[in-house]
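For reference, the structure is listed below as structure tokens.
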Amino acid sequence: MSNKTFTMIKPDATAKGHTGAILDQIIKAGFSIKAMKWTRLTTAQAGEFYAVHKERPFYGELVAFMSSGPIVAAILEKDNAVADFRTLIGATDPAKAEEGTIRKNFASSVGENAVHGSDSDENAAIEGSFFFSGLERF
Ligand code: DAT
Ligand code: MG
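Numbering (the UniProt record's numbering), first residue to last: 1 to 138.
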């Protein structure tokens, strides 16, 4: 079990000014930030990041949304990071997310759901490497 996960604060949340509150909730939940950047994905980069979903009906919408404005990408560290972070963010659809989760607190819809969280240790490593060099991932 790895102690790292990868997150993005998505364009809906950065646009609404929720970045600080979301980072505060993440840190208060016991995660430490190992690497972080404010950036924006091109459509090609968003398409590559979400390539695993390319056969899904929402892929085009997802890629357009994820490249529509700034995001914050970060590598987070905590014991049991992947599973604990998925619990902290809540269900993909904010209408189904538990009270107090980041998606319940900040997401607008299943498509515009405020944050990404890796779903496995393997994907956390792949996704972290997508945004950060070895030097930045210390
Ligand atoms: P998660 O982000 O909870 O891991 P996922 O990996 O199934 O969810 O999907 C990736 C993203 O795709 C999700 O955060 C938002 C978007 N998405 C998923 N299901 C969708 C749907 N039914 N309609 C629109 N967008 C959807
Ligand atoms: Mg996922």
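Ideal Cβ positions, reconstructed from N, Cα and C, are used throughout, including at glycine.
As the structure is a computational prediction, the values presented were derived from the model and not from experiment.
Asked	Found
Where the alpha helix (DSSP H) through Thr14 begins and ends	Pro11 to Ala15
Near the ligand MG: Asp119 beta-carbon under 8 angstroms from a heavy atom	yes
Residue range of the beta strand (DSSP E) that includes Glu77	Ile71 to Glu77
DSSP three-state assignment for Lys4, whether helix, strand or coil	strand
Expected contact under 8 angstroms - CB spacing of Ser32 and Leu76 to nearest Å	7 angstroms
Beta strand (DSSP E) segment containing Ser32, residue limits	Ser32 to Thr39
Boundaries (first-last residue) of the beta strand (DSSP E) holding Gly117	Val115 to Gly117
Alpha-carbon to alpha-carbon, Thr43 and Gly90	26 angstroms
Where Thr42 falls: helix, strand or coil (DSSP)	coil
Same chain only: Cβ atoms within 7 angstroms of Thr5, ignoring 5 sequence neighbours per side	Leu76, Ala81, Val82, Phe85, Gly117, Ser118 and Ala124
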